[in-house]
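2 protein chains.
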Amino acid sequence: MRPYSHFLEQIRSAGLRPTRQRLALAKLLFGGEDRHLTAETLHADAQADKVRVSLATVYNTLHQFTDAGMLREIVVDASRSYFDTNTSDHHHFYFEKDGMLSDVPEQSISIDKVPDAPEGMIIKSIDVVVRIAEA
Amino acid sequence: MRPYSHFLEQIRSAGLRPTRQRLALAKLLFGGEDRHLTAETLHADAQADKVRVSLATVYNTLHQFTDAGMLREIVVDASRSYFDTNTSDHHHFYFEKDGMLSDVPEQSISIDKVPDAPEGMIIKSIDVVVRIAEA
DNA sequence: GTGTTTGCAAAGTGTTTGCAATTTA
DNA sequence: TAAATTGCAAACACTTTGCAAACAC
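Same order as they appear, the protein sequences are chains A and B.
Reading the first sequence from the start, the letters are residues 1 to 135 in my numbering.
Reading the second sequence from the start, the letters are residues 1 to 135 in my numbering.
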């Protein structure tokens with residue numbers, strides 16, 4: 001597990017004050033394996049970990065971390081926001097039945113020929129979602 | 001413009017009764033060029049066309065048409081549902097600034113190597129969204 | 001006539017906001 | 001102590017639902 005100071009520094013360099021809540025959430029988010037999450041699941045994790053954080057603060061923090069490039073938002077469902085601690089370029093399987101996300105193994109998909117952005121615009125990202133249903 | 005009977009038949013074959021509302025919406029949806037829309041925009045179009053339809057019925061109809069394969073739902077924004085009258089396999093540009101969608105020209109992008117679906121599951125679709133921002 | 005569909009208003013869901021109290025620096 | 005942050009509850013935007021009246025067949 002990374003040292004406490006790592007999270008502290010990470011939060012500071014995002015221009016944010018390392019509050020108890022942000023430190024606890026950063027530890028949950030970045031302290032282990034990469035993960036996919038929603039505000040609800042992170043809030044539940046915090047509670048399970050006996051960390052007192054309001055849902056509003058979870059939302060604020062998720063957005064602040066996303067703006068700082070520490071998280072990536074994944075849009076797969078019209079009614080829930082997902083975030084990914086892995087901000088590198090990769091694609092997702094979305095299991096519609098249970099609302100779970102997982103990464104598509106890097107070598108198993110590839111995009112040829114990236115389209116040009118219209119004049120005066122830039123491509124922010126190319127998001128690929130492979131929707132999975134039961135056979 | 002397609003004849004009235006076309007829409008009537010299209011709705012019937014979806015197992016739905018061709019009500020005044022469904023006919024009017026089908027005409028708006030399928031009577032011209034392919035289009036991208038939300039419940040709100042379709043509702044506004046109906047009003048502009050002097051068609052009295054409630055927003056609830058617009059939502060119901062969009063889902064019924066989607067289930068019947070007449071529309072395709074496009075997920076690009078965590079807080080709004082988009083639909084596309086073009087149900088064939090193609091990808092989208094999403095302009096974050098104004099919430100507009102447009103098709104990616106077919107030849108300008110291509111997916112190599114489609115990943116395998118996990119055991120016992122099937123790939124329902126592979127959705128590609130190219131997010132566009134101002135330069 | 002029977003079963004389907006509509007429209008309304010109410011309820012629901014996930015998310016954001018306003019603001020006083022608290023915390024950080 | 002000045003500025004940032006938190007938590008609550010209220011507000012929000014979009015969508016769904018319950019149900020009586022209207023409609024299709």
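Even glycine gets a Cβ: it sits at the ideal position worked out from N, Cα and C.
Of all the CB atoms in chain A, is at least one closer than 9 Å to the CB of serine 88/B?
-> no
Does the beta-carbon distance from glycine 31/B to phenylalanine 7/B come in below 9 Å?
-> yes
Anyone know if the C-beta pair for threonine 61/B and glutamine 21/B falls short of 9 Å?
-> yes
What's the C-alpha gap between leucine 42/B and valine 114/A?
-> 32 Å
Mind checking alanine 24/A: buried by the 16 CB within 10 Å criterion, or exposed?
-> buried
With DSSP run on the structure shown, which of helix, strand or coil describes alanine 24/A?
-> helix
When Tyr94/A, Arg80/A, Gly69/A and Pro18/A are compared against asparagine 86/A, the one with the closest alpha-carbon | Gly69/A
Using the Cα positions of proline 118/A and proline 18/A, report the straight-line distance between them to the nearest angstrom.
-> 40 Å
Three-state secondary structure (DSSP) at leucine 37/B?
-> strand
Which residues of chain A have a Cβ atom closer than 9 Å to the Cβ of aspartate 98/B, listed in chain order?
-> Going along chain A, no residue has its Cβ under 9 Å from aspartate 98/B, so there is no contact; the nearest lies around 11 Å.
Is the beta carbon of alanine 133/B less than 9 Å from the beta carbon of glutamate 73/A?
-> no
Cα-Cα separation between histidine 36/B and lysine 124/A, rounded to whole angstroms = 21 Å
Burial state of alanine 26/B (16 or more Cβ within 10 Å) | buried
Start-to-end residues for the beta strand (DSSP E) that takes in valine 128/A | 121–134
Going along the chain, which residues of the segment 67–87 of chain A sit with their C-beta nearer than 9 Å to a C-beta in chain B?
-> Glu73, Val75, Val76, Asp77, Ala78, Ser79, Arg80, Ser81 and Tyr82
Which runs of the beta strand (DSSP E) spanning at least 3 residues fall entirely within the segment 78–112 of chain A, listed in chain order?
-> 80–84, 92–95, 100–103 and 110–112
Between the C-alpha atoms of histidine 92/A and methionine 1/B, what's the straight-line distance to the nearest angstrom?
-> 41 Å
Kindly identify the DSSP beta-bridge partner or partners of isoleucine 74/A.
-> Tyr82/A
Return the residue from the list Asp34/A, Asp116/A, Val75/A and Ala14/A that minimises the CA-CA distance to methionine 106/B.
-> The question names methionine, but residue 106/B is glutamate in the sequence shown. Answer by Cα proximity: Asp116/A.
Which two residues bound the contiguous alpha helix (DSSP H) that contains alanine 56/B?
-> 55–67
Run through DSSP, which three-state label would aspartate 45/A get?
-> helix
Taking the alpha helix (DSSP H) that arginine 2/B falls in, what are its first and last residues?
-> Per DSSP, arginine 2/B belongs to no alpha helix (DSSP H) and is neither H nor E.
Using a Cβ cut-off of 8 Å, which residues of the segment 117–130 of chain B contact any Cβ in chain A, in chain order?
-> Ala117, Pro118, Gly120, Met121, Ile122, Ile123, Lys124, Ser125, Ile126, Asp127, Val128, Val129 and Val130
Which residues, in order along the segment 99–110 of chain B, keep a beta-carbon less than 9 Å from a beta-carbon of chain A?
-> Ser102, Val104, Pro105, Gln107, Ser108, Ile109 and Ser110
Measure the CB-CB distance between leucine 55/A and glutamate 40/A and report whether it falls below 9 Å.
-> yes
Determine the burial state of alanine 48/A: buried for a count of at least 16 other Cβ atoms within 10 Å of its Cβ, exposed for fewer.
-> exposed
For chain A, is any of its Cβ atoms less than 9 Å away from the one on phenylalanine 93/B?
-> yes
Partners in chain B for valine 114/A, counting only beta-carbon separations shorter than 9 Å = Ser108, Ile109 and Val130
Under 8 Å Cβ to Cβ from tyrosine 82/A, same chain only, skipping five residues before and after it: list those, please.
-> His36, Leu37, Thr38, Glu73, Ile74, Val75, Val76 and Leu101
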